[in-house]
Structures are given as structure tokens and as C-alpha cells.
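Engineer:
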Amino acid sequence: MKSLPALVLLLAVAVIQALGIYRYSNDSITMWGQVFFPILFALAAAYIGFKNPVRGTFTPIHYALAGIGAVLLVLTGLGVYTDMYWFYPTQLIYYIALGLLVVSLALTIASVPQSTGADAPARTPRRNKKKVPQGTRLVAVAKPTQSSQGAHNTTEAPRS
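Here it is as C-alpha cells:
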């Protein structure tokens, strides 16, 4: 899976930026949303990537995304450790990382192999299907005869 390094780098950048933005905004609902969606997109892309066979489609783009993720992580680290407020915390780097995660997910979905017409079963339209009589699960049981039912009640008089 070629997109895993890009996913990890971009996820780290997005989560670190979201936690830094929370320090200044103190809005916990926004912070959880900013942490949840990058994790959701990264896990979805990783799941789809591991579930499907390895293909060489979009490999250079995944390498470019990993490089951009590494640059964004270095810029975030510079902002954290040297107090450069242009790089940390900033909404711009967060949304760049989130957008690149979405692009990585879209490329992973696009690289899933499509089924061909030979793999799919032949379909016939519903109106052209022949009606096949359906059997029932009823079991035939012999009805009791009139003589066996009435034999017991013929000698007795009705009770009052």
C-alpha cells in the first residue's frame, strides 16, 4: 500500500494543528470535529487500500502526497518548537492537510479494480423472465369421512 506514509504524515499534521488551534479557541466541539474527520478519512483510505490488491495506479501522486505531508510536518514542528506562529497553530496548514487526506482517499477509491462484464452474471429484464410455477409447502392430509364423524353422535340425544 503506497499511500500509507502519506496518510500517516498528513494525519499527524492535521491532529497536531487541531490540538494547537484548541489551545487558543477553547472550543472542544470544534476540536473534536477537527480531530475526528482526518482520522475518519485516513482509516477509510487505509482500509480500502489494505482490502484491495496492490496496483501501481497513482503511485507517483501518493509519493508526492507523502513528500508534501513531510514538508507540512516539518513546518508544524518548526512552529511548535521555535514559536513561529505562521506555522503553528494555523487553520491554513490544517485545511491543506485535511484536503490532501481527502485527495488521498479519492485516489485510493479510484484505484480499486472495477468488475468486468465477464465477471458479472448475465441479467435478464424482469418482464422477460418466464413465470415458473412455485410449489407450496402444504402437506396433503386425508379428510375424515362422514361416517366416522357421525358414528359417535347418532345414538345420543341432545342434552338440555
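Just add 81 to wherever you are in the sequence shown, counting from 1, and you've got our numbering. From the three backbone atoms N, C-alpha and C, an ideal C-beta is built for every residue, glycine too.
(1) By the 10 Å Cβ neighbour count, where 16 or more other Cβ atoms means buried, how is V135 classified, buried or exposed?
(2) Check whether the Cβ atoms of A147 and V94 sit closer than 8 Å, and answer yes or no.
(3) Comparing alpha-carbon positions, which option in T226, R104, P86 and K224 lies nearest V161?
(4) Would DSSP call S192 helix, strand or coil?
(5) L182 and L100 - do their beta-carbons sit closer together than 8 Å?
(6) According to DSSP, simplified to helix, strand and coil, what is L219?
(7) Ordered along the chain, which non-local residues of its own chain (more than five positions away) have a Cβ less than 7 Å from that of V96?
(8) Compare the Cα-Cα distances from L85 to each of F122, L156 and D164 and report the closest residue.
(9) Are the CB atoms of I110 and P170 nearer to each other than 8 Å?
(10) Less than 8 Å between the beta carbons of L219 and F139, yes or no?
(11) Under the three-state reduction of DSSP, which class applies to F139: helix, strand or coil?
(12) Report yes if the CB atom of L88 is closer than 8 Å to the CB atom of A145, and no otherwise.
(13) Using a 10 Å radius around the Cβ and a threshold of 16 neighbouring Cβ atoms, would you call K83 buried or exposed?
(14) Would you mind reading off the limits of the alpha helix (DSSP H) that contains K132?
(15) Please work out which residues of its chain come closer than 7 Å, Cβ to Cβ, to L186, disregarding the five sequence neighbours upstream and downstream, and give them in chain order.
Structural biologist: From the atom records:
(1) exposed
(2) no
(3) R104
(4) coil
(5) no
(6) coil
(7) V116 and P119
(8) F122
(9) no
(10) no
(11) coil
(12) no
(13) buried
(14) S109 to K132
(15) F122, A125 and A126
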